[in-house]
Each structure stands twice: as structure tokens, then as C-alpha cells.
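I have placed the structure first, in the form of C-alpha cells, so that the comments after it can refer back to it.
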Amino acid sequence: MSPQTQSRSQTHANVDSAEIHKFTHRAREWWDPSGPFATLHAINPLRLEWIDAQADLTGKKVLDVGCGAGILSEAMAVRGAHVTALDAGAEHLEVAREHAHEAGLEIHYLHTTAEAHAEHHAGDYDVVTCLEMLEHVPDPEAVIDALVKLVRPGGWLFLSTINRTPRAFAEAIVGAEYLLNMLPAGTHEYGRFIRPSELGAALRRHGFEVTAMTGLTYSPLSGRYRLVGRTDVNYLMASRRGDDTTA
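Using this note's numbering, the first residue of the sequence shown is number 54, and each one after it goes up by one.
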């Protein structure tokens, strides 16, 4: 991963208060499909289908890390998963709980971090998801270390983030934030983007096999997102823990 992400703090939680504030101060707008988080609403069906096609969420015990106000969490619960979800933003979770209650869904929302949760729930989950979060924490490797512990032997870990390429800078920052206004300006920092090779290497060190990867792209002409073969901007990665490994 990039040099900025290598150092770890032993005395502070792996959270960035400025990053959290980017999202929590607009928590009440999270479920507005035409609001500041419209992109998440637009890509969520694609993310859900891709994950479900590989892990078959029905009946699975699932943990959604960095859940925000629960867009993916709710979608997985509707598919029949038993969902626990966590986030470092308390405001998000208040909105998430309210929305799940209104939808008649049972989702266990926790105000905590992956690192703290892993201390008492190692190997508890069939599927762990952590989407669009790694590029917003000071130390993504510490998050990955926690995520792999939470997956049971033979279980699945799904990650998504943004590649550290010139094209990603042009599309995910300049285009999405400043030209098309698809995201609030300042949502992303280029130095925090992660190459697939770096993410895959981190997973393999823990005995995980990267089983699939797909890119996600947006067409300004059609106004639609789609999954594509190239991963030079946004990408999703599926990995599976070996049956006999200790993460």
C-alpha cells in the first residue's frame, strides 16, 4: 500500500475524525436516492448481485463493516442474510436503525470498529463485507488484519476501494467530485487509494485466496454504472479463507 498507510498507532483508534465528519454531518440525507449519496444507491444493486452470486447470502451470518446508514446491510438482509453491521459514525447508525425498523428488518447495528469487534468475534462470520471504506481510514492494513480474523474458515471477505492510478484521480476525484458533482468535493484523497496488487498481497499473507475481481465504471452519457473487466478506477475484490488456515 502507499507509504502514507504503513505507519500504525498503538494508542489511537484507527479512525480519522475528519473523514467521519464528511459523512456523518449529512447522515439524515443518506437514504435520499437523489441526495449526496445517490452514487451509493446507484451502485448498490450491482454490488449486491456480485456478492450474492459468489457467496449465496441466504441464511449466511454476515458482517458489514463501515456500513454507513445501512444501504448494503439492508439489501443483504432482504436477501435472507443474518446481518450485523458496524460503523464508527454514531449519527449514521441512528439513521440506519430507524430505517431498518421502518422496513421491518432485523439488523444488529454496532458503534465500533473492525479491530475492536475482532477481539471478541474471531471466526464468527460466513461473509464479511467492507466496501468503500479502506480509502477513508489512516491504516487500511490494520483494518484488513481485523477483517480476516472475523471470517470463519472457508468463509468470504469482500472488499471494494479505488485504484491508485492517474485515471482514478481523473475520474474519481476530478470528474466525480468537481465536474459532475456526483460526490461532495473532498470526499477522496488520492494518496489513500490502494492498488489491487497491494490489497491482494495483504490478503494472501493471511492465507486468503483472491477468487474474483471486477471493476465498476460510470458512463456520463447513459448515466448508468456497470461492472467491467478493467480495475483501474473503482474495483471489488472477492477472497476466501482456506479451510485450514489461521487468519
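Virtual Cβ for every residue (Gly too), placed ideally from N, Cα, C.
Please read these numbers as outputs of a predicted model, since none were measured by experiment.
Using CA coordinates, which residue listed in the options is at the minimum distance from residue i?
i      : options                        : result
HIS173 : VAL181, ALA199, ALA149, GLY112 : ALA199
LEU139 : VAL131, LEU163, ALA149         : LEU163
ALA122 : VAL131, ALA143, ALA130         : ALA143
THR264 : TYR243, PRO273, GLY295         : GLY295
GLY176 : ARG220, ARG205, ALA225         : ARG205
TRP83  : GLN107, GLU151, HIS135, TYR271 : GLU151
THR111 : SER70, ARG257, TRP209, ALA134  : ALA134
ARG79  : VAL148, ALA255, ARG248, GLY276 : VAL148
GLY228 : PRO273, ARG257, ILE124, HIS154 : PRO273
GLY207 : GLU224, PRO219, PHE261         : PHE261
CYS120 : ALA141, ARG132, LYS114, LYS113 : ALA141
Take residue i and list the residues in its own chain whose beta-carbon comes closer than 6 Å to its own, dropping the five residues that flank it on each side.
i      : result
LEU212 : CYS183, MET290
THR137 : LEU116, HIS161
GLN107 : ALA291
ASP69  : PRO191
TRP209 : ALA108, VAL180, ARG293
GLY88  : GLU82
ILE124 : LEU93, ASN97
Are residue i and residue j close, meaning C-beta to C-beta below 8 Å?
i      : j      : result
HIS241 : VAL201 : no
PHE246 : GLU188 : yes
SER126 : ILE160 : yes
VAL181 : VAL118 : yes
HIS170 : LEU146 : no
LEU252 : GLY268 : no
ASN97  : ALA128 : yes
ARG283 : ARG248 : no
Between residue i and residue j, how many whole angstroms is the CB-CB distance? I'm expecting something under 8 Å.
i      : j      : result
LEU116 : TYR178 : 5 Å
LEU99  : TYR278 : 6 Å
Excluding the 5 residues preceding and the 5 following residue i in the sequence, name in chain order all residues of the same chain whose CB lies nearer than 7 Å to its CB.
i      : result
ARG61  : Legend: pLDDT at ARG61 = 37, less than 50; position of this residue unreliable, no value from coordinates given.
ASN67  : THR166, GLU168, VAL190, PRO191, ASP192, ALA195, VAL196
PRO86  : HIS94
ALA221 : ILE215, PHE246, ASP285, VAL286
TYR271 : TYR278
ILE226 : HIS241, TYR243
ALA255 : GLU194, ILE197
ALA156 : GLU127
GLN59  : Bear in mind that a pLDDT of 36 at GLN59, under 50, signals an unreliable position, so the number given afterwards is only what the model happens to contain. Taken in chain order, the list of residues that qualify is empty.
GLU224 : VAL286
Please tell me whether, using a cut-off of 7 Å, the distance from the CB of residue i to the nearest non-hydrogen atom of the ligand PLP is below it.
i      : result
LEU125 : This structure simply doesn't include the ligand PLP, nor any ligand for that matter.
Leaving out five residues before and five after residue i in sequence, what residues of the same chain have Cβ atoms less than 8 Å from its Cβ?
i      : result
ARG257 : VAL263
PRO22  : In the structure as shown, the chain begins at 54 and stops at 300. Residue 22 is therefore absent and cannot be evaluated.
Is there at least one Cβ from chain B nearer than 8 Å to residue i's Cβ?
i      : result
HIS174 : The chain inventory of the structure shown lacks chain B, comprising one protein chain alone.
The segment 281-295 contacting the segment 213-227, beta-carbon criterion three pairs below 8 Å: yes
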